[in-house]
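Okay, structure first, notes after.
Laid out in structure tokens, this is it:
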């Protein structure tokens, strides 16, 4: 019960910080839109190519924007000895991890709610088709992404070239998760049956559970003063 | 003494292995002499898994006991794991060209082996970017533990996805997935590379211990 309450406290702390300034939300949103636009220009201009490559573009955008949210996750704690204060407070490491991870998931989902319509418009149309399916898929993927990402973000908070080393460590570990997400998205965008990709869903959910548990257990060792 | 024994044994076994590959082991019926690269490729990847397993166990041990020697063994194993993984990818590409008419394809097993190689490289880069000491050992131990999660994925990928890569032969439950002479040669090659890996690992551990001891003495001087 205390774990849950402490996690909620950390969650609301980050929520208030981000919603108060809104700069992170706008930065991530515009970055996502710019990435989608760059892909739109970089790929062949015909609708067929766009529709074919849409799943890959969607998830690359998700990945790049998600890294921004993870980078700031513990970076904000570096100022004014906030990290040390957080670690010295009567809150368990697990609660800190769950609170941070929970807000990262919600933050990514908030951005996806705004990005998915733009993506639909620019890439495959019709507008807002498959919106809820993509949002649900984003949610499931975000859990695994945020679990591992939050843990690695804390791990690299004091490392040189942190902005480079975090994606170098995170992206290879996320490849199986992204493979499953892209495969499911291909079926969703083609209006196929989700039963055809049941195995990929199992893989996705299995990875979420594995990464969540492992990250929670190892976070104790990540956050040592 | 141990290093000399291992070095001598490695040299002898590698010599015998090369001799057996070209003079005794029969050529496979469809691939011909190209198939013989399997005796380097398969043992390389199995040695990679061995290195990662050693690093995994020692990393867990380090987080539990905080003994420096465990960090040294884990680091040495990860370094050698990167080398053997790279060797497996290169020999696999060389084998792939005459067999599949391509050096590379985004087949599930190849992709995940490349991912494993990137995990090794990420570990070594993280090692480089953190200052020596307890923090370096701790963060690298966590990465080694997380990276080890990749091993079951690579093994299961052959079962989960339809793939260009040959299905499991050593652990296959099918009868005669591989002929007896080829299997014996493969097992001998695996044992040879295990002995060679043990020699390299022990030497690397010795070098790392000496390097850290020297660094401590230099630090004490100033």
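Chains as they are written, first to last, in the numbering used here: chain Y, 1 to 225; chain D, 1001 to 1222. Virtual Cβ for every residue (Gly too), placed ideally from N, Cα, C. These figures come from a predicted structure and were not determined experimentally.
Through-space distance from residue j to residue i, alpha-carbon basis
i: residue 193 (chain Y); j: residue 187 (chain Y); result: 7 Å
i: residue 1024 (chain D); j: residue 1071 (chain D); result: 42 Å
i: residue 1057 (chain D); j: residue 1117 (chain D); result: 19 Å
i: residue 205 (chain Y); j: residue 106 (chain Y); result: 18 Å
i: residue 1089 (chain D); j: residue 1198 (chain D); result: 21 Å
i: residue 1126 (chain D); j: residue 82 (chain Y); result: 24 Å
i: residue 1194 (chain D); j: residue 1217 (chain D); result: 34 Å
i: residue 1 (chain Y); j: residue 84 (chain Y); result: 24 Å
i: residue 23 (chain Y); j: residue 207 (chain Y); result: 32 Å
i: residue 211 (chain Y); j: residue 183 (chain Y); result: 20 Å
i: residue 1008 (chain D); j: residue 1015 (chain D); result: 11 Å
i: residue 1214 (chain D); j: residue 174 (chain Y); result: 39 Å
i: residue 1149 (chain D); j: residue 1221 (chain D); result: 43 Å
i: residue 1133 (chain D); j: residue 1147 (chain D); result: 21 Å
i: residue 1191 (chain D); j: residue 1200 (chain D); result: 14 Å
i: residue 1135 (chain D); j: residue 195 (chain Y); result: 46 Å
i: residue 1047 (chain D); j: residue 142 (chain Y); result: 34 Å
i: residue 1061 (chain D); j: residue 1129 (chain D); result: 23 Å
i: residue 1094 (chain D); j: residue 87 (chain Y); result: 52 Å
i: residue 176 (chain Y); j: residue 104 (chain Y); result: 20 Å
i: residue 242 (chain Y); j: residue 49 (chain Y); result: Here chain Y covers residues 1 to 225 and nothing more, so residue 242 (chain Y) does not appear.
i: residue 14 (chain Y); j: residue 1202 (chain D); result: 48 Å
i: residue 1143 (chain D); j: residue 25 (chain Y); result: 30 Å
i: residue 263 (chain Y); j: residue 122 (chain Y); result: In the structure as shown, chain Y begins at 1 and stops at 225. Residue 263 (chain Y) is therefore absent and cannot be evaluated.
i: residue 164 (chain Y); j: residue 1112 (chain D); result: 22 Å
i: residue 21 (chain Y); j: residue 199 (chain Y); result: 41 Å
i: residue 1076 (chain D); j: residue 9 (chain Y); result: 42 Å
i: residue 1004 (chain D); j: residue 1011 (chain D); result: 11 Å
i: residue 1158 (chain D); j: residue 1110 (chain D); result: Note on residue 1158 (chain D): pLDDT 45, under 50, position unreliable in the model; no value is reported.
i: residue 239 (chain Y); j: residue 1124 (chain D); result: The requested residue 239 (chain Y) is not part of the displayed model; chain Y covers only 1 to 225.
i: residue 1209 (chain D); j: residue 61 (chain Y); result: 45 Å
i: residue 162 (chain Y); j: residue 156 (chain Y); result: 6 Å
i: residue 1068 (chain D); j: residue 1219 (chain D); result: 18 Å
i: residue 1164 (chain D); j: residue 1092 (chain D); result: Low confidence applies here, because residue 1164 (chain D) scores a pLDDT of 49, under 50, leaving its location unreliable; read the following figure in that light. Approximately 13 Å, taken between the alpha carbons.
i: residue 31 (chain Y); j: residue 1085 (chain D); result: 36 Å
i: residue 181 (chain Y); j: residue 134 (chain Y); result: 10 Å
i: residue 130 (chain Y); j: residue 140 (chain Y); result: 16 Å
i: residue 1002 (chain D); j: residue 1013 (chain D); result: 16 Å
Proximal chain D residues relative to residue i, where beta-carbon distance stays under 9 Å
i: residue 222 (chain Y); result: 1138, 1139 and 1142
i: residue 150 (chain Y); result: Those do not exist, as residue 150 (chain Y) stays about 13 Å from chain D at its closest Cβ, beyond 9 Å.
i: residue 214 (chain Y); result: 1145, 1146 and 1149
Rounded Cβ spacing between residue i and residue j (contact assumed at less than 8 Å)
i: residue 1223 (chain D); j: residue 1074 (chain D); result: Only positions 1001 to 1222 of chain D appear in this structure, which leaves residue 1223 (chain D) out of reach.
i: residue 226 (chain Y); j: residue 108 (chain Y); result: This structure does not reach residue 226 (chain Y), given that chain Y is present from 1 up to 225, and the question cannot be answered.
i: residue 6 (chain Y); j: residue 92 (chain Y); result: 7 Å
i: residue 219 (chain Y); j: residue 94 (chain Y); result: 6 Å
i: residue 172 (chain Y); j: residue 1096 (chain D); result: The Cβ separation is near 21 Å, so there is no contact.
i: residue 1120 (chain D); j: residue 1078 (chain D); result: 6 Å
i: residue 223 (chain Y); j: residue 154 (chain Y); result: 6 Å
i: residue 1026 (chain D); j: residue 1181 (chain D); result: 6 Å
i: residue 201 (chain Y); j: residue 151 (chain Y); result: Not a contact, Cβ separation roughly 24 Å.
i: residue 995 (chain D); j: residue 1051 (chain D); result: Coverage of chain D is limited to positions 1001 through 1222, which leaves residue 995 (chain D) absent and any answer about it impossible.
i: residue 1017 (chain D); j: residue 1189 (chain D); result: 6 Å
i: residue 113 (chain Y); j: residue 28 (chain Y); result: Between residue 28 (chain Y) and residue 113 (chain Y) the Cβ distance is about 12 Å, and since that is not below 8 Å, they are no contact.
i: residue 170 (chain Y); j: residue 149 (chain Y); result: 6 Å
Amino acids of chain D, ordered along the chain, whose beta-carbon sits closer than 8 Å to that of residue i
i: residue 160 (chain Y); result: 1129 and 1130
i: residue 270 (chain Y); result: In the structure as shown, chain Y starts at 1 and stops at 225, and residue 270 (chain Y) therefore has no counterpart that could be examined.
Chain Y residues whose Cβ lies nearer than 8 Å to that of residue i
i: residue 1122 (chain D); result: 165, 168, 169 and 172
i: residue 1052 (chain D); result: Result: empty, since nearest Cβ-Cβ is about 13 Å, beyond 8 Å.
i: residue 959 (chain D); result: With chain D running from 1001 to 1222 in the structure shown, residue 959 (chain D) is simply not present.
Neighbouring residues, chain D, relative to residue i (Cβ below 7 Å)
i: residue 218 (chain Y); result: 1142 and 1145
i: residue 19 (chain Y); result: Ordered by position in chain D, no residue passes the 7 Å Cβ test against residue 19 (chain Y), which lies about 31 Å from the chain.
i: residue 155 (chain Y); result: 1139 and 1142
i: residue 108 (chain Y); result: By Cβ distance, chain D contributes nothing, its closest Cβ being about 20 Å from residue 108 (chain Y), past 7 Å.
i: residue 210 (chain Y); result: 1149
Residue i: contacting residues in chain Y (beta-carbon distance under 7 Å)
i: residue 1125 (chain D); result: 165 and 168
i: residue 1063 (chain D); result: 221
Partner residues on chain Y for residue i, Cβ-Cβ distance less than 9 Å
i: residue 1119 (chain D); result: 169, 172 and 173
Just to confirm the assignment: which complete alpha helix (DSSP H) runs, minimum length 4, are found wholly within the region 115-159 of chain Y?
131-155
Which runs of the alpha helix (DSSP H), 4 residues or longer, sit entirely within the region 1115-1151 of chain D?
1134-1147
What ranges does the alpha helix (DSSP H) occupy inside the region 1030-1090 of chain D, keeping only unbroken runs of at least 4 residues that lie completely in it?
1038-1065
In chain order, each beta strand (DSSP E) run of at least 3 residues that lies wholly inside the region 7-71 of chain Y
none
Determine which residues of the region 1078-1089 of chain D have a Cβ less than 7 Å from any Cβ of chain C, and write them out in chain order.
Checking the listed chains, one finds no chain C in this structure; the protein chains it contains are Y and D.
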